[in-house]
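Residue numbers (my numbering), protein chains in the order written: chain C, 102 to 368; chain U, 53 to 326; chain R, -12 to 317.
The C-beta atom is built at its ideal place from N, Cα and C for all residues, glycine as well.
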């Protein structure tokens, strides 16, 4: 059985396991929906008090928010095994079991669990996307829809990359991995505001370091058909989400280094 | 102090254990810097367009953010993981065998956990935001000292009550974990509640006027909004004392609630034998 | 060429030292001291295909480190390991496809899934041909009498039932080598017997090489032809189980029930280990006093109701061995 088919088997297995606790799954889904809805309330409160910021209205910022959260929720849905790698695999010794199976460890982790409850965030993000489409004029034609989907794909790659980096860190320490929440949850937070409200060093970090702007800010400009107030060329805007895939590739490299370390320390 | 000995010992043991986690402290500190920086940049952008609409000055808002980040680990984000662990392994049964008040015993252990996690992070945060930022010529973005002696003196009980209240909230979560044998549900609900209603996301005065009267009196306001506004003298005199009273009142109510719930849960565990 | 070859294997870990007390905890925040722990300090042995080897030793002796290296999870600090011509930690995926592992303390099954679904998934993971998988699965299920449990979620199985399912799971891909890490820990007596009978059959009838670590000396007694005792990261002894026993504790025990009150008893070379009103337990060395001679001496002088000879319990042998070795080290 090839890797993709096996992944499909893992997913089906995980869904079947969750179906055994329908009430808990539904409650968690509702919880996640509510939890993320609260974030957009915070953004709304600021716009309600101050009015538009840096040339951006609440509706436009809601579009950033929606795309980033759609990407993050899908990545979170797919990458659970990496998210809990430190606590559920390295610390408990369950990773040894993974290594005893003749398949790539990353594949086994990716298939570990597909968290249905994360659909709560996805649903809420789609609701915000619809809201944003009402608040700002977006011409949803094929071209903009493709850019939006491409941006989400890049975003999923980027966030999965971050989850893999988080897991990689567990090869060095299992003390606390909340540091990477900075980049995942904190990244969601940072990427849902337009880039031009940030200081220059932070803009560079979000473009060249952890390229969150490349999967949110730049493609959204392309969707809104606005030029970049910071001067990025127009041709670059729809291409930017590619950076998410580059980031994913780099994360895999780091993962391989971590695997080699695990074999020599066994910690 | 004879009666207090086991509780002090439980507190010390947990406190010392948690202090060992050095990487955790550094990781927490990095998290705080990142979140603080984003919050401050977002605030600065909004203040830049329409500062007059803000209920507090930008300098105070910045201090609010840094203080909030420094004391982040002191907020009731999740149930004590040790309780979840004890529930899963059945170790919780042993707690019933100890000749101690179960609520008090858990309370001091959770307190030790939270304080030990907070201390090194708060120290690093103070170093970075109070000392390094001004030295780097970024004094406008620094964490300011309390606004005057009165504010500083009032902040001491406000901080103590904030801690007591926070542990009381975590205790309620702990009890729900023990009763439901699952920590995921409670943690998923607790986090969004705390982030909004404590004022951690935004000072409560930034929310639309219609909801403010409610936000100001609910229990979680005593976790962030009230003590921090006492710190920079946005609440002073009678208002500050009212704030302290609100903190103290809710702390007592939540502890009473917690004790009641704990008795019932422990009773049920005894019935089930495990 | 042996199937498993281990030469001068060494593994060193670095662990943080923790100073006691609050001051120590605070100091540890700033500076940390490290200590080297030699889990393995030069272990060598080899194993032919079809052998059944038991690895015993006190906790922390290096048993599980050895098993982890042999199964490809861990890379040694020094030394050479070859299993079936592969270096486990260099060629993990190819290597683990040929071995089976059962950890007594850990499960490889899916907690919330029916047993059978877990087997199906493992067959996919190990790329076992469907026809071969079904044949092998049915064979193992029959051997371990698992049919009635196949539809149940793993979480509902008792420990003994789960261990039987774990064995099937570890063997679905028909491995040539089976590693067992404390497979009978926590099991009740019938389950222990069932596990031992199954492992013996697997080894004798199907020629599977078995490497077993255990603290249960009855496992060793029932299964192993060959025993390696490991202590402080070194091989202390390697050989047939019987010679280990004979070398350490040649002593025999004589249990006598008398028709009347037990007499006072004295004879050079014989010690009284226990006495009750009507019975005696004697310890003696059969090389010095032949057993028939001792029995005859007692039976002619006293009215004996029952008499039997036994060897010292295996736990006693091993405890004596560890003690001897520790004294030697000191």
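For this session: Closer than 6 Å by C-beta to residue 307 of chain U: which residues in its own chain qualify, once you throw out the five before and the five after it? Chain order, please.
Result: Taking the first residue of the second chain as 1, we reach residue 307 of chain U at position 255. These residues qualify, in order along the chain: 220.
For this session: Starting from residue 196 of chain R, follow the beta strand (DSSP E) in both directions and report where the run begins and ends.
Result: On the third chain, residue 196 of chain R is found 209 positions in, with the first residue counted as 1. Element bounds for residue 196 of chain R: 196 to 200.
Exercise. CB-CB under 6 Å to residue 64 of chain R, same chain, minus the five flanking residues each way: which ones, in chain order?
Worked result: As a first step, residue 64 of chain R must be located in the third chain, where it is residue number 77. Cβ within range, chain order: -3, -2, -1.
For this session: State whether the stretch 51 to 61 of chain R contacts the stretch 179 to 193 of chain C, with contact taken as three or more CB pairs (one from each stretch) at a distance under 8 Å.
Result: no
Exercise. Using a C-beta to C-beta distance shorter than 7 Å, which residues of chain U count as neighbours of residue 170 of chain C?
Worked result: The sequence position of residue 170 of chain C within the first chain is 69, counting from 1. Going along chain U, no residue has its Cβ under 7 Å from residue 170 of chain C, so there is no contact; the nearest lies around 14 Å.
For this session: Could you run through the stretch 243 to 263 of chain U and flag, in chain order, every residue whose CB is less than 8 Å away from some CB of chain C?
Result: 243, 244, 247, 248, 253, 254, 258, 259, 260
Exercise. Hey, residue 196 of chain R and residue 34 of chain R: beta-carbon distance below 9 Å or not?
Worked result: Counting from 1 along the third chain, the entry for residue 196 of chain R is found at position 209. Counting from 1 along the third chain, the entry for residue 34 of chain R is found at position 47. Cβ distance < 9 Å, so residue 196 of chain R and residue 34 of chain R count as in contact.
Exercise. The stretch 71 to 84 of chain U: which residues have C-beta closer than 8 Å to a C-beta of chain R, in chain order?
Worked result: 71, 72, 74, 77
Problem set entry | residue 120 of chain C in three-state terms, based on DSSP | Your numbering for residue 120 of chain C matches position 19 in the first chain. Reduced to three states, the DSSP call for residue 120 of chain C is coil.
Exercise. Beta-carbon of residue 20 of chain R versus every beta-carbon of chain U: anything under 9 Å?
Worked result: Position 33 of the third chain, counting from 1, holds the residue named residue 20 of chain R. Chain U contact via Cβ: absent.
Exercise. Interface residues of chain U around residue 136 of chain C at Cβ under 7 Å?
Worked result: Position 35 of the first chain, counting from 1, holds the residue named residue 136 of chain C. Simply 240, 243, 244.
Problem set entry | Which of helix, strand or coil DSSP assigns to residue 125 of chain R | As a first step, residue 125 of chain R must be located in the third chain, where it is residue number 138. In the structure shown, residue 125 of chain R sits in a helix (DSSP, three-state: H, G or I).
Exercise. Quick one: does residue 55 of chain R have its CB under 9 Å from some CB of chain C?
Worked result: Locating residue 55 of chain R in the third chain gives position 68, counting from the first residue. It does; some Cβ of chain C falls within 9 Å.
Exercise. Is it right to say residue 250 of chain U is buried, meaning 16 or more other beta carbons lie within 10 angstroms of its own, or is it exposed?
Worked result: To locate residue 250 of chain U, count along the second chain from 1; it is residue 198. Its Cβ being crowded by 16 or more others within 10 Å, residue 250 of chain U is buried.
Problem set entry | Residue-level contact to chain U via CB, residue 91 of chain R, 9 Å cutoff | Locating residue 91 of chain R in the third chain gives position 104, counting from the first residue. No, residue 91 of chain R lies away from the interface with chain U (no Cβ there is under 9 Å from its Cβ).
Exercise. Excluding the five sequence neighbours on either side, which residues of its own chain have a C-beta within less than 8 Å of the C-beta of residue 128 of chain U, listed in chain order?
Worked result: Numbered from 1 along the second chain, position 76 holds the residue referred to as residue 128 of chain U. Same-chain partners within the cutoff: 218, 219, 221, 222, 225, 242, 246, 275.
Problem set entry | Nearest candidate by alpha-carbon position, reference residue 240 of chain R, set R:209, R:44, R:264, R:272 | In the third chain, the residue the question calls residue 240 of chain R occupies position 253. Answer by Cα proximity: R:272.
Exercise. So which of U:216, U:187, U:118, U:294 has the shortest CA-CA distance to residue 86 of chain U?
Worked result: The residue labelled residue 86 of chain U in the question sits at position 34 within the second chain. Per the Cα distances, U:118.
Problem set entry | Best match in U:165, U:319, U:235 for proximity to residue 216 of chain U [C-alpha to C-alpha] | Within the second chain, the letter at position 164 stands for residue 216 of chain U. Out of U:165, U:319, U:235, U:165 has the C-alpha closest to the C-alpha of residue 216 of chain U.
Problem set entry | Continuous alpha helix (DSSP H) stretch holding residue 279 of chain U: start and end | The count along the second chain starts at 1 and reaches residue 279 of chain U at position 227. Element bounds for residue 279 of chain U: 277 to 283.
For this session: Drop a sphere of 10 angstroms on the beta-carbon of residue 55 of chain U, count the other beta-carbons inside from all chains shown, and report buried for 16 or more, exposed for fewer.
Result: Start at 1 with the first residue of the second chain, and residue 55 of chain U comes out as number 3. That one is exposed.
For this session: Quick one: give me the first and last residue of the beta strand (DSSP E) that residue 25 of chain R is part of.
Result: For the purposes of this step, residue 25 of chain R is taken as residue 38 along the third chain, with counting starting at 1. Note, residue 25 of chain R: beta strand (DSSP E), 20 to 34.
For this session: Indicate whether at least one CB of chain R lies closer than 9 Å to the CB of residue 299 of chain C.
Result: In the first chain, counting from the first residue as 1, residue 299 of chain C sits at position 198. By this cut-off, residue 299 of chain C is not an interface position.
Exercise. How should residue 247 of chain C be labelled, buried or exposed, when 16 other C-beta atoms within 10 angstroms of its C-beta is the threshold for buried?
Worked result: For this step, residue 247 of chain C is matched to residue 146 along the first chain. So residue 247 of chain C counts as exposed.
Exercise. Going by beta carbon distance, what residues of the same chain come within less than 7 Å of residue 123 of chain U, once the five residues before and after it are set aside?
Worked result: The residue labelled residue 123 of chain U in the question sits at position 71 within the second chain. Excluding sequence neighbours, residue 123 of chain U sits near 170, 174.
Problem set entry | Residue from C:163, C:338, C:292, C:112 with nearest C-alpha to residue 323 of chain C | The residue labelled residue 323 of chain C in the question sits at position 222 within the first chain. Ranking C:163, C:338, C:292, C:112 by Cα distance to residue 323 of chain C puts C:338 first.
Problem set entry | residue 261 of chain C and residue 183 of chain C closer than 9 Å at C-beta | By 1-based counting over the first chain, the position of residue 261 of chain C is 160. By 1-based counting over the first chain, the position of residue 183 of chain C is 82. Cβ distance < 9 Å, so residue 261 of chain C and residue 183 of chain C count as in contact.
For this session: State the start and end residues of the unbroken alpha helix (DSSP H) segment that holds residue 174 of chain C.
Result: Walking along the first chain from the start, residue 174 of chain C turns up at place 73. First-last of the alpha helix (DSSP H) with residue 174 of chain C: 159 to 179.
Exercise. Are residue 76 of chain R and residue 68 of chain R closer than 9 Å when you measure CB to CB?
Worked result: Here residue 76 of chain R refers to the residue found at position 89 when the third chain is read from its first residue. Here residue 68 of chain R refers to the residue found at position 81 when the third chain is read from its first residue. Yes, Cβ-Cβ distance for residue 76 of chain R and residue 68 of chain R is below 9 Å.
For this session: Say whether chain U places a C-beta atom closer than 9 Å to the C-beta of residue 294 of chain C.
Result: To locate residue 294 of chain C, count along the first chain from 1; it is residue 193. Taking a beta-carbon distance threshold of 9 Å, residue 294 of chain C counts as an interface residue toward chain U.
Exercise. Roughly how many angstroms separate the alpha carbons of residue 235 of chain C and residue 155 of chain C, rounded to a whole number?
Worked result: Your numbering for residue 235 of chain C matches position 134 in the first chain. Your numbering for residue 155 of chain C matches position 54 in the first chain. Going from the Cα of residue 235 of chain C to the Cα of residue 155 of chain C covers about 21 Å.
For this session: List the endpoints of the continuous beta strand (DSSP E) containing residue 40 of chain R.
Result: What you label residue 40 of chain R is simply residue 53 of the third chain in a count that begins at 1. Residues 39 to 43.
For this session: List the residues of chain C that residue 100 of chain R touches, going by C-beta distances under 8 Å, in chain order.
Result: The sequence position of residue 100 of chain R within the third chain is 113, counting from 1. Under the 8 Å cutoff, chain C gives 114, 117, 118.
Problem set entry | Within chain C, partners of residue 90 of chain U - CB distance below 9 Å | What you label residue 90 of chain U is simply residue 38 of the second chain in a count that begins at 1. Counting only Cβ-Cβ distances below 9 Å, residue 90 of chain U has contacts in chain C at 287, 290, 291, 294, 299, 303, in chain order.
Exercise. Between residue 100 of chain U and residue 76 of chain U, what straight-line distance do the alpha-carbon atoms span, to the nearest angstrom?
Worked result: Start at 1 with the first residue of the second chain, and residue 100 of chain U comes out as number 48. Start at 1 with the first residue of the second chain, and residue 76 of chain U comes out as number 24. Approximately 36 Å, taken between the alpha carbons.
Exercise. Any idea what DSSP makes of residue 216 of chain C, helix, strand or coil?
Worked result: Numbered from 1 along the first chain, position 115 holds the residue referred to as residue 216 of chain C. In this structure, residue 216 of chain C counts as coil in the three-state DSSP scheme.
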